[in-house]
Amino acid sequence: MPVPPPTGPLVTRDTIAAQLRSLGVEPGETLLVHSSLSALGWVCGGAVTVVQGLRDALGPDGTLVVPAQTGGLSDPAVWSNPPVPEEWWETIRAAMPAYDPLVTPTLGVGVIPETVRTWPGALRSAHPQTSFAALGPRAAEIVDRHDPGCRLGERSPLARLEALGARVLLLGTGYETCTSFHLAEYRIPSRPVRVGRPGPNGWEVVTEVSITSDRFDELGHDFERDRPVIRGGVGAAGVRLFPVADAVAYAERWLALHRPGAE
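For the record, in the sequence shown the residue sitting at position 179 is 179 according to UniProt numbering, with numbers rising by one throughout.
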């Protein structure tokens, strides 16, 4: 059967940059972007065009940051989508390659972050499961010293983004993707969990703060109701723009009140 023609809108590098500027993205700022390429419409040039448009809007003094997570580097015992047979677990643990920031691809965050990760000059943080990639003059300041024992807490790029006054851009995604909310989880009472992963010396298990994106959609709804959030569109995608610090501060109070088991 013939493939139907795209419905559009037609999105180009110039339209992305112009619409981001119209939304309020400022040259020279630092922007943490969560994105969906498919939400934008028909993008001429795909993910490369989106990265170019974002960089055009930020200008040469701006810094683009994306999640570059590698959730597959985890214990196969907790895999559910899909699960693997229990008799495979030990072999997987022994054979799984350790994290290499230059080689290990992103997983589950979309094609735009993977494009940023592989962009000339991009830097990537050291955490084997929850890294970030960055392009721009503040990239090293943001991604350096990501403690391998701190996924998304005080010793992660999220805390540095908060301190630098960075903003979050949800580009065609919802609040369930907002990693800034996770920083708040480190600031409220939370049960520790044991996390398995491949390390440079073989399989390792570390103790971490329990994190989950459960109810982030509800949290985002209330955050947007109670705090200033810029809303607009780029191509066909709905867009939201807000400071990292505002999201973290609101989430810290909201999670303590609303998440089951909060103390």
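Glycine is no exception: its CB is placed at the ideal position from the N, C-alpha and C atoms. This structure is a prediction, so every number in the text was calculated from the model and none was measured.
Rounded to whole angstroms, what's the CA-CA distance from residue i to residue j? Just pull it up for me.
i	j	result
GLY196	PRO97	13 Å
GLY72	VAL50	26 Å
LEU164	PRO82	39 Å
GLU176	LEU161	19 Å
TRP79	ALA122	30 Å
VAL206	ARG259	24 Å
ALA249	ALA184	7 Å
PRO148	LEU170	26 Å
ALA262	ARG187	Only weak support exists for where ALA262 lies, its pLDDT of 45 falling under 50; the value from the coordinates is given anyway. Rounded to whole angstroms, ALA262 to ARG187 spans 11 Å at the Cα level.
HIS146	SER156	5 Å
PRO4	GLY174	28 Å
VAL239	ARG191	34 Å
ASP75	MET1	43 Å
PRO243	ARG21	16 Å
SER210	GLU154	14 Å
HIS182	LEU152	6 Å
GLY45	GLU86	42 Å
SER38	GLU218	24 Å
GLU208	PRO198	15 Å
CYS178	ASN201	32 Å
THR118	THR91	30 Å
ALA95	CYS150	24 Å
VAL84	ASP144	34 Å
Determine which residues share a DSSP beta bridge with residue i and list them.
i	result
residue 300	Any property of residue 300 remains undetermined from this structure, which presents the chain solely from 1 to 263.
VAL206	VAL195
GLY232	VAL239
ARG124	ALA133
LEU10	TRP42
LEU107	THR70
THR63	THR30
Can you list, in chain order, the residues of its chain whose CB lies under 6 Å from that of residue i, leaving out five sequence neighbours each side?
i	result
GLN19	VAL234
ARG13	THR49, GLN52 and GLY53
VAL66	VAL33, PRO113, VAL116 and ALA133
ASP56	ALA17
VAL43	VAL11 and THR49
PRO6	TRP42
VAL109	PRO67 and GLN69
GLY220	TYR175
Are the Cβ atoms of residue i and residue j separated by less than 7 Å?
i	j	result
LEU40	ALA237	yes
SER36	GLY172	yes
VAL193	SER180	no
GLY8	ILE230	no
LEU107	THR70	yes
ALA166	THR15	no
GLY136	LEU241	no
ALA77	TRP88	no
ASP246	ARG227	yes
TRP254	ARG93	no
PRO128	TYR99	yes
ALA159	VAL111	no
If you drop the 5 nearest sequence neighbours on each side, which residues of the same chain put their C-beta closer than 8 Å to that of residue i?
i	result
residue 339	Examination of residue 339 is not possible in this model, given that the chain is present from 1 through 263 alone.
ASP61	PRO27, GLY28, GLY136 and PRO137
Can you confirm whether residue i, when its beta carbon is compared against all beta carbons of chain E, has any partner nearer than 7 Å?
i	result
GLY174	No chain E appears in this structure, which consists of one protein chain only.
Sorted by chain position, which residues of the same chain lie with C-beta nearer than 7 Å to residue i's C-beta, five sequence neighbours on each side aside?
i	result
VAL103	none
GLY59	PRO27 and GLY28
ASP222	TRP254
PRO105	GLU114
* Asked: Would you say the stretch 135-142 touches the stretch 202-214, given that touching needs at least three Cβ pairs under 8 Å?
  -> no
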